[in-house]
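When the letters of the sequence shown are read in order and numbered with the numbering used here, they come out as residues 3 to 291.
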Amino acid sequence: MNTHHLLFLLPIALALYACGKIESKTAAAETPSYLPNAPAETEQVLRKEFPGAIPGHEFSDSLIHYLQRNYGIAPDKILLGASTCVDDIIYTKNFHFHPEIKGPFHLGGLAGLPFTGVSGLEAFAHHIPDSGTLVLLVEPHIGYSQKKGWGFVLRHEQPEASSCCGALMGTLGKLQAGTLKAEISEDDYQGGKIAELALRYKDQILNAESPIIELTRITSLSAEKQISAHVLDVSLEHAKYIVIITGVIINTDFSFTDYQYMDHVQIYDVRKKSFVQDLRNPQRHATAF
């Protein structure tokens, strides 16, 4: 082949190569990157304490289909608000399954308590798409390690399981040692508020079969109470529905998916000014999710 032919074919070859790379990347991007479920024996342990807990991607799919089927809520009209812990493991393994959903807007701090308060809810409500839906996930988290059990999780490229939720485990350790103090200060405001909560329920936590599970449940109920007390007081002129999901995120070792446990689901119709659904333990209802 002479030089003229080579010069003619080279741009075509480069163009085809580039197109091939783009198509390959597109195909890869469209492939769901779900982590595998935890082993069956681990799932059994999780569901003993948190009945009906399901893998994170199944939760996302079920929620979207349920809201669309029953209320006509399109995914791209949803703005997600997350009152979850700031732990990096949560955002490494969750909230990536449906990019059409906007957010999350972070409402939580340590342990998932809604430390952004009324100001955070007000800012969140102003970002809602027109005639859109606010979906609020109110969820502390707890780890389960195959080797060390509840309150621990094996993180990526670490040799041993570490505490999870670290804030709650640290608080619990001091509570058990009798050294916990509710000292509210600018230097450690969030830690002080978590300590205050734990001390309020000290006997209930320490007498529980699993103190860390009990503290996690208490934190979940406290977070829900704080959100529910104020969410209807903010400006909702753009919103059509408010969906409040209270539960627990269960983190598993890094190579497996995380799990979602739902304890309470409330759906508020802004125009009717009433709750159109209020379910405790929604997994037990055949028509829910």
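By construction, the Cβ of each residue, glycine as well, lies at the ideal position given by its N, Cα and C atoms. Bear in mind that the values here come from a model prediction, so they are computed numbers and not experimental data.
Nearest candidate by alpha-carbon position, reference residue i, set the options
i, options, result
"alanine 76", "Ser62, Glu185, Val250, Ile103", "Ile103"
"asparagine 39", "Val272, Gln262, Asn283", "Gln262"
"serine 276", "Gly172, Phe258, Val245, Ile251", "Val245"
"threonine 44", "Ala197, His266, Gly145", "Gly145"
"isoleucine 80", "Phe61, Gly134, Phe99, Ser121", "Gly134"
"proline 131", "Val120, Gly105, Leu112", "Gly105"
"leucine 199", "Tyr73, His100, Leu112", "Leu112"
"aspartate 90", "Tyr68, Ser165, Leu123", "Ser165"
"leucine 208", "Arg219, Gln178, Val47, Lys227", "Gln178"
"arginine 273", "Val88, Thr248, Lys242, Ser230", "Lys242"
"alanine 197", "Glu211, Gly175, Asp78, Asn96", "Gly175"
"proline 57", "Asn96, Leu82, Glu216", "Asn96"
"lysine 50", "Asp190, Thr86, Trp152", "Trp152"
"phenylalanine 99", "Asp271, Asp260, Asp189, Gln70", "Asp260"
"valine 140", "Gln279, Tyr191, Met264", "Met264"
"threonine 86", "Ser62, Tyr191, Glu211, Ile252", "Ile252"
"isoleucine 269", "Tyr73, Phe52, Phe61, His59", "Tyr73"
"valine 137", "Leu201, Gln228, Leu82", "Leu82"
Nearest-angstrom beta carbon gap, residue j and residue i [assumed within contact, 8 angstroms]
i, j, result
"threonine 221", "leucine 170", "7 angstroms"
"alanine 184", "glycine 114", "The pair is not a contact, with the Cβ atoms about 19 angstroms apart (cut-off 8 angstroms)."
"alanine 84", "glycine 54", "Actually they do not touch by this definition, with Cβ atoms about 21 angstroms apart."
C-alpha distance - residue i paired with residue j, whole-angstrom precision
i, j, result
"proline 41", "arginine 282", "28 angstroms"
"glycine 172", "lysine 204", "14 angstroms"
"valine 120", "glycine 194", "19 angstroms"
"histidine 67", "threonine 181", "48 angstroms"
"glycine 168", "proline 142", "11 angstroms"
"histidine 266", "arginine 219", "12 angstroms"
"glutamate 162", "phenylalanine 154", "10 angstroms"
"isoleucine 186", "threonine 94", "30 angstroms"
"leucine 48", "isoleucine 214", "14 angstroms"
"alanine 231", "leucine 123", "11 angstroms"
"leucine 217", "leucine 69", "31 angstroms"
"phenylalanine 117", "histidine 108", "10 angstroms"
"threonine 248", "leucine 65", "13 angstroms"
"isoleucine 24", "aspartate 63", "In this predicted model, isoleucine 24 has a pLDDT of only 39, less than 50, meaning its place in the structure is not dependable enough to derive any value."
Burial state of residue i (16 or more Cβ within 10 Å)
i, result
"arginine 157", "buried"
"tyrosine 36", "exposed"
"leucine 234", "exposed"
"serine 147", "buried"
"valine 250", "buried"
"serine 257", "exposed"
"glutamine 46", "exposed"
"valine 278", "exposed"
Exercise for the section: Would you check if there are 3 or more beta carbon pairs closer than 8 angstroms linking the region 232-247 to the region 115-130? Expected result: yes
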